[in-house]
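I have placed the structure first, in the form of structure tokens, so that the comments after it can refer back to it.
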Amino acid sequence: FDELELPKPDFYLGIGSGSHAEQTAKIMIEFEKILLQEKPDLVIVVGDVNSTIACSLVAVKLGIKTAHVEAGLRSNDRTMPEEINRLLTDAISDYLFVTEKSGVENLKHEGVPEQKIFFTGNVMIDSLVNYLPKTEKSTIFKKLGLINAKTKELIKSDTEKVDSTNHTSIHPYILLTFHRPANVDSELFLQKLATTIDELSKYRKIVFPVHPRTRANLEKHGIMHGVNNRVILTEPIGYIDFLALTKNAELIITDSGGIQEESTYLGVQCITVRNNTERPVTVEVGTNQLIGTDLDLVKEAALKVLNGEKKTGTIPELWDGRAAERIVEILVSAI
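According to our numbering, numbering within the sequence shown proceeds without interruption in unit steps and concludes at 1632.
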């Protein structure tokens, strides 16, 4: 909250980790107490996590209007917990705020009345636009040893990012993130990932902020001990520093949903290691490539990018940093 200059929450549920059922049930119990005490006119939920569906259910059962931000996104893969949360939340919400046009079509196909659907743009991009200037003061590159201290005249590589203020350059690097259970719970996938990382590190440095679930599985199977010094393993990184890493990466390899959006807005090459995406606009008009989970194909696609075969992209419609304004305007007029 301090980093993003946000006010502290008035209420903290203190749920912590647990199974999907445990988390959802505990959130419902604690959130109901707050709604009964505060009696709000509206509950706004965001995204596709367990708190999204838990808070929606509580609100609807108490007769409180509910708005879902990031509605309509579909991977069409019901083995993903997030997909179940999205489907259920959209089915019971009164106001559905959609980030891309595929979401509008998905909701219509599911029989949602058109008067509930609002194409407003992407609040994640609102955050990115707001905080992007702060990345100029990020020290993450120095912390990770990615800075070349040299004058601009001595910088030869087109892949190096130049800090014109300090006359330094940033080593070209690939940014990796993996956290989805379908990937990181597989010992075979992690072994192959370690091999792929080692091979790609011959061409570029690798920055890999390791998610707790991923780290636990890597340690459990004894994978990636003694990695070479061109692979930088870190703890999870704060939003501003991670945004700086995203903006300056030559390539991102990820299984994240949000990073697909951020990289498209920033025009950064992205390879998504999944068999589907709920954010197809990032592939259709953005810089994202949906490659699948075959890491040989991922390596092949990555090398093409590093060799200059880059995907051109544009910023999707209404990803202009004003989605929240549109949402507020609609809700204020409605309630």
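From the three backbone atoms N, C-alpha and C, an ideal C-beta is built for every residue, glycine too. As the structure is a prediction and not an experimental result, all values here were calculated from the model.
Only counting runs of 4 or more residues, tell me where the alpha helix (DSSP H) segments fall wholly within the segment 1370-1446, in order along the chain.
Counting only runs of 4 or more, we get 1378-1389, 1398-1406, 1420-1428, 1437-1440.
Tell me the rounded alpha-carbon separation between S1390 and H1365.
Along the sequence shown, one-based indexing puts residue 1390 at 93. Along the sequence shown, one-based indexing puts residue 1365 at 68. Approximately 6 Å, taken between the alpha carbons.
Measuring CA to CA, which of A1318, I1331, A1322 is closest to Y1309?
Working through the sequence shown from its first residue, we reach residue 1309 at position 12. Among A1318, I1331, A1322, the Cα nearest to that of Y1309 belongs to I1331.
Could I get the ranges of all uninterrupted beta strand (DSSP E) runs contained in the segment 1474-1554, with 3 residues as the minimum, in chain order?
For the segment 1474-1554, whole beta strand (DSSP E) runs of length 3 or above, ordered along the chain, are 1502-1506, 1528-1531, 1548-1551.
Tell me the residue span of the beta strand (DSSP E) that contains E1367.
Counting from one through the sequence shown, the residue named residue 1367 turns up at place 70. Looking at the DSSP string, the run of the beta strand (DSSP E) that includes E1367 is 1362-1368.
Per DSSP, which one or two residues make a beta bridge with Q1566?
Your numbering for residue 1566 matches position 269 in the sequence shown. Paired residue(s): L1548.
Using only the alpha-carbon positions, how far apart do D1345 and V1524 sit?
For the purposes of this step, residue 1345 is identified with residue 48 of the sequence shown, where counting begins at 1. For the purposes of this step, residue 1524 is identified with residue 227 of the sequence shown, where counting begins at 1. The alpha-carbon atoms of D1345 and V1524 are separated by roughly 34 Å.
Sorted by chain position, which residues of the same chain lie with C-beta nearer than 6 Å to E1379's C-beta, five sequence neighbours on each side aside?
The residue labelled residue 1379 in the question sits at position 82 within the sequence shown. Only D1345 meet the Cβ criterion.
Tell me the rounded alpha-carbon separation between L1587 and T1574.
The residue labelled residue 1587 in the question sits at position 290 within the sequence shown. The residue labelled residue 1574 in the question sits at position 277 within the sequence shown. In a straight line, the C-alpha of L1587 is about 8 Å away from that of T1574.
For Q1320, write down the residues that DSSP places opposite it in a beta bridge.
Residue numbering aside, residue 1320 sits at position 23 when the sequence shown is read from its first letter. Paired residue(s): none; Q1320 is not in a bridge.
Quick check: what's the CA-CA separation for V1595 versus L1333?
Taking the first residue of the sequence shown as position 1, residue 1595 is located at position 298. Taking the first residue of the sequence shown as position 1, residue 1333 is located at position 36. If you take the alpha carbons of V1595 and L1333, they lie about 50 Å apart.
What's the gap between the Cα of V1340 and the Cα of L1628?
The count along the sequence shown starts at 1 and reaches residue 1340 at position 43. The count along the sequence shown starts at 1 and reaches residue 1628 at position 331. Cα-Cα distance, rounded: 11 Å.
Alpha helix (DSSP H) containing A1585: first to last residue?
The residue labelled residue 1585 in the question sits at position 288 within the sequence shown. The question names Ala, but residue 1585 is Asn in the sequence shown. Careful: N1585 lies outside any alpha helix (DSSP H), inside the beta strand (DSSP E) at 1585-1587.
If you draw a straight line from the alpha carbon of I1503 to that of H1468, how long is it in whole angstroms?
Counting from one through the sequence shown, the residue named residue 1503 turns up at place 206. Counting from one through the sequence shown, the residue named residue 1468 turns up at place 171. Taking the straight line from one Cα to the other gives about 10 Å.
By Cβ distance below 7 Å, which residues in the same chain neighbour G1554 in space, the five residues on each side in sequence not counted?
In the sequence shown, the residue the question calls residue 1554 occupies position 257. The residues are E1575, R1576.
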